[in-house]
Every structure is written in structure tokens, then in C-alpha cells.
Amino acid sequence: GGNVKPEWPSYVEDAQDGSYEDLRGESEVTVEVGTGSGFAFTPTKVWVDPGTTIAFEFIQGGHNVKPNSQPDGGGLEGSEGGEFDTIPEGETYSATLETGGMYTYYCAPHEGQGMKGAIAVGEEVPTVETGGSDGGGRSRPQVPDAAKSLGIATGFGMAATLGLAYFFVKYGGDYGEYDNA
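The sequence shown begins at 98 in this note's numbering and counts up by one.
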């Protein structure tokens with residue numbers, strides 16, 4: 098779809114960074130771990146095709162990737178070790194997601210700081226209209242008709258005042274210049 102994006106679960110509404118990228122068509126996608134203030138996944142939300150490999154690149158240590166929710170048969174195991182075992186800086190955890198659907202994940206030590214993300218896989222995810230074709234989901238601001246009318250009237254009033262002021266300064270008024278006659 099052109100002007101649609103996945104309808105992201107409420108779980109990631111308060112995620113740090115919050116960036117979204119439509120990366121369908123790519124065979125491998127990189128998500129950086131520990132970006133921003135150190136508690137973000139960038140991009141936070143990605144839309145990919147089934148079979149895409151997601152490479153979580155740890156640009157900062159002390160974090161991990163753990164699945165929150167995924168479709169049945171989803172392949173997001175989470176980074177190795179227990180819930181709070183972290184991955185050193187420079188390491189990468191990769192997962193190839195074959196099953197379509199919505200995946201959400203988080204960093205266990207920093208979930209409370211909003212360190213979480215989501216991956217939409219395939220076309221079978223719920224979508225929302227974005228309105229614009231810029232892909233960023235921003236639509237142009239709408240100006241109400243009343244405001245347009247007021248703006249036009251104000252502009253006309255200012256122009257009329259300026260025109261009359263010019264006319265009166267150039268041609269108007271008795272300034273007593275001919276009183277001596």
C-alpha cells in the first residue's frame with residue numbers, strides 16, 4: 098500500500114525515539130540498540146517482508162532484546178541469556194522473521210524507560226491511512242474557511258488604509274500654505 102502504515106500496538110506508544118521506517122523490499126534490516134539518550138531502538142518501528150533478517154546492532158553495551166509478543170510460529174527468540182543478561186557493545190543479535198504479523202520487543206533492564214520496539218512483517222498487519230504520500234504520516238495542516246476569510250478581509254483593510262493614507266498625504270488637507278494671498 099502507498100499511503101498506509103502499520104497500526105502499531107499501544108505497547109510501543111511510549112517508546113523512546115519512536116521513529117518508523119517502511120523497509121519492505123530489503124532482505125536485511127539493521128536496528129541500532131542503545132541510541133538517543135541510550136534507551137532507544139532506532140528505528141523503533143519497522144515494516145518488513147516475511148523472511149527479512151533483523152540485525153540488532155548493539156552500539157552501546159548493557160542492553161538486550163527480548164520478545165514481548167509475536168505471532169504463533171514467530172522467530173523472535175530474543176538475545177541469548179536470561180531476562181537481564183546483557184549484550185556487549187559491538188555485538189549483533191539477528192533474527193529472521195518468516196511468519197507474518199506484529200512483533201513487539203523490549204530491552205529487559207530498560208523497559209520502564211521506554212526501551213521497546215515493534216516489527217510489522219508482511220501485508221497481513223492492520224494498517225492505518227497516513228493521509229500524505231511522504232511516508233512520514235504527516236498531512237498538511239488544514240486552515241478553516243472562517244480563518245481564510247478573516248485573513249483576506251484583514252489584508253484588504255490594511256491595503257485600503259495604506260492607500261487612503263497615501264492619498265490624503267499627497268492631495269488632502271489645508272495646511273495653510275496659501276493663507277498669505
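Think of the CB as a built atom: it goes at the ideal place given N, C-alpha and C, for glycine as much as any other residue.
Output the boundary residues of the alpha helix (DSSP H) element that contains residue i.
i, result
"V266", "D242 to Y268"
For the candidate residues the options, whose alpha-carbon lies nearest to that of residue i?
i, options, result
"Q289", "F181, T196, F153 and E123", "Residue coverage of the chain in this structure runs from 98 to 278, which leaves residue 289 outside it and unanswerable."
"T127", "L194, T251, N161 and P140", "P140"
"D146", "I249, G172 and E123", "E123"
"V101", "E129, D114, Q113 and E118", "E118"
Buried or exposed: residue i, going by 16 or more other Cβ atoms within 10 Å of its Cβ?
i, result
"V109", "buried"
"A192", "buried"
"I184", "buried"
"V266", "exposed"
"D111", "exposed"
"L194", "buried"
"G233", "Note that G233 has pLDDT 48, beneath the 50 cutoff, so the model's placement of it is unreliable and no number is given."
Residue i bridges to which residues according to DSSP?
i, result
"T227", "Note: T227 sits in no beta bridge, so no partner."
"D194", "In the sequence on display, residue 194 carries Leu and not Asp. L194 is bridged to T149."
"V101", "E226"
Following the continuous beta strand (DSSP E) through residue i, name the residue where it begins and the one where it ends.
i, result
"D119", "Y117 to D119"
"A217", "K213 to V218"
request  = List in chain order: all unbroken alpha helix (DSSP H) runs of 4+ residues lying wholly within the segment 125-183.
outcome  = none
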